[in-house]
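Read the structure below first, then the notes.
Chains as they are written, first to last, in this note's numbering: chain L, 1 to 212; chain E, 213 to 400.
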């Protein structure tokens, strides 16, 4: 009976180990073993707390594709996890995965979580992905985080998503032409929604591929 | 003779009928006595082939297994769990109607090949090649994307990473070479 008990125990342990390994996303096998364990823990934590784990996997895969060292990959995934958690706290439990990813990018670039919460209030019942992305994109283009947030919040009540993208293009064009980033954002806000030309097609007509 | 017999028969019939019409009084304890008797009877179950199998399955017995056989069984269970989890996973793909075609362009006149890598193809370098769309080194590919925010970059000639000059830069370039960002609107 002792042998039987030992065999049963071994079977149970082997089953648990196999389930643990098999439950891991197979894409993570591209990472070295130590990095894989660290990333898998973060992915599990994200899933357990309702955060978009796919974003963490994507970031790790980006690091592997670019042959980044393991500590840098782990640091990037850890930072993203924290930013996603902050974005969810700011946007609320009903925020979608794209909203959280865009919000995390904005927070990473210095936009305050309070600005995200304010945007949620101003655009209640509307998707925030584009508005949050524009906030992050403008900051990445050099517009100070406070100015980018203020510009998006000022337009939040009046712009559609396609107009937000046109607003971003307008600011980018001004920056490329030499206007200081903060001034480009504020001048585009002053122009208002009416001056923003969009590439939105007539509803119901076939839509051509759009550019990033 | 016949008349007298008829009279007798009529009389008997009348008495029987009167007797039958009387209300029958049962002993109040009859039900309890009957049920006690029924409960005391032995239980008879039909024993068919199924019953014999069930009985065999329930009969305790000692099972002797060597440690080697136990480990083999453990390995088998582990293999089944692993294979089921590894290959039983199904990808959740949004319906094509929820996806927006996004065109990626790069001008690279001297390039022999250009690949698009990003969140949408698990950063697999060979998954999404661009094609030369026109003379002058214009490379293009159109990818249907679900609503979301994606990081991506181009890989030129299999080795040189390059962001999209016409798209917003990714918030950080913590991996050494910068990426770009595309956002697809809509509800998800």
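The C-beta atom is built at its ideal place from N, Cα and C for all residues, glycine as well.
ask   = In chain L, what lies closer than 7 Å to residue 430/E by C-beta?
value = Beyond the ends of chain E as shown, which are 213 and 400, falls residue 430/E; an answer cannot be given.
ask   = Whose CA, out of 136/L, 67/L, 125/L and 179/L, lies closest to the CA of residue 113/L?
value = 136/L
Contact under 8 Å by Cβ, residue 406/E with residue 327/E = Residue 406/E falls outside the range modelled here, since chain E spans only 213 to 400, and no answer is possible.
query = Along chain E, in chain order, which residues have C-beta atoms closer than 7 Å to that of residue 109/L?
reply = 383
query = Using a beta-carbon distance cut-off of less than 7 Å, what residues from the segment 129-142 of chain L approach chain E?
reply = 129, 130, 133, 136, 137, 140 and 141
task = Consider the Cβ of residue 311/E: report whether some Cβ of chain L lies at a distance smaller than 8 Å.
result = no
query = Near residue 73/L, what residues of its chain come up, given a Cβ to Cβ distance below 6 Å and the 5 sequence neighbours on each side ignored?
reply = 35, 60 and 63
query = Under the DSSP definition of a beta bridge, which residues are partnered with residue 343/E?
reply = 352/E
query = Counting Cβ pairs, one atom from each stretch, are 3 or more of them under 8 Å apart for the segment 96-113 of chain L and the segment 73-87 of chain L?
reply = yes
ask   = Within this structure, are the beta carbons of residue 219/L and residue 380/E separated by less than 8 Å?
value = The question about residue 219/L has no answer here: the residues shown for chain L are numbered 1 through 212.
Buried/exposed call for residue 223/E, threshold 16 Cβ in 10 Å = exposed
request  = Give the interface partners of residue 63/L over in chain E, defined as CB-CB distance under 7 Å, in chain order.
outcome  = 387
task = Go through its chain and collect everything with a Cβ distance to residue 382/E's Cβ below 8 Å, but skip five positions before and after it.
result = 363, 375, 390, 391, 392 and 393
request  = Give every residue of the same chain whose Cβ lies closer than 7 Å to the Cβ of residue 368/E, excluding the five residues on either side of it in the sequence, and list them in chain order.
outcome  = 320, 323, 326 and 374
query = What span of residues does the beta strand (DSSP E) with residue 100/L cover, start to end?
reply = Per DSSP, residue 100/L belongs to no beta strand (DSSP E); it is in the alpha helix (DSSP H), 97-108.
task = Could you pull out every unbroken alpha helix (DSSP H) segment of at least 4 residues lying fully inside the segment 106-179 of chain L, listed in chain order?
result = 113-122, 129-140, 145-155 and 161-176
query = When DSSP labels each residue in this structure, what does residue 387/E get in the three-state scheme?
reply = coil
ask   = For chain E, is any of its Cβ atoms less than 8 Å away from the one on residue 176/L?
value = no
ask   = With a Cβ-Cβ cutoff of 8 Å, do residue 345/E and residue 352/E count as a contact?
value = yes
task = Using 10 angstroms around the beta-carbon of residue 169/L, count the other beta-carbons present and answer buried if the total reaches 16, otherwise exposed.
result = buried
query = Going by Cα to Cα distance, which pick from 70/L, 103/L, 126/L and 148/L is closest to residue 157/L?
reply = 126/L
query = By a C-beta neighbour count over all protein chains shown, 10 Å radius and 16 as the cutoff for buried, is residue 120/L buried or exposed?
reply = buried
query = Where does residue 300/E fall in DSSP's three states?
reply = In this prediction, residue 300/E has a pLDDT of 38, which is less than 50 and means its spatial position is unreliable; nothing more can be read from the coordinates.
query = Applying the criterion that 16 or more other CB atoms from any shown protein chain within 10 Å of the CB defines a buried residue, is residue 57/L buried or exposed?
reply = buried
request  = May I ask you to list, following chain order, the residues of the segment 371-382 of chain E that have a beta carbon less than 8 Å from some beta carbon of chain L?
outcome  = 373, 376, 378, 379, 380, 381 and 382
inquiry  = For chain E, check one thing: does any of its Cβ atoms lie closer than 8 Å to the Cβ of residue 151/L?
reply    = no
message = Taking the beta carbon of residue 378/E as the centre, do at least 16 other beta carbons fall within 10 Å, making it buried, or is it exposed?
response = exposed
ask   = Anyone know if the C-beta pair for residue 138/L and residue 171/L falls short of 8 Å?
value = yes
task = Can you give me the Cβ contacts of residue 245/E inside the same chain, cut-off strictly under 7 Å, excluding the 5 residues immediately before and after it?
result = none
key: Cross-strand partners of residue 392/E (DSSP beta bridge)   = 364/E and 381/E
ask   = From which residue to which residue does the beta strand (DSSP E) around residue 62/L run?
value = Note, residue 62/L: premise wrong, no beta strand (DSSP E); alpha helix (DSSP H) at 53-65.
Sub-8 Å separation of residue 183/L and residue 152/L beta-carbons = no
ask   = residue 313/E lies in the alpha helix (DSSP H); which residues open and close that run?
value = No alpha helix (DSSP H) contains residue 313/E, which is instead part of the beta strand (DSSP E) from 312-319.
ask   = If we ignore side chains and look at the alpha-carbon of each, how far apart do residue 154/L and residue 117/L end up?
value = 14 Å
message = At a CB distance below 9 Å, what residues from the segment 314-328 of chain E approach chain L? Give them in sequence order.
response = 314, 315, 316 and 317
inquiry  = Quick check on the burial criterion: 16 or more other C-beta atoms within 10 angstroms. Buried or exposed for residue 84/L?
reply    = buried
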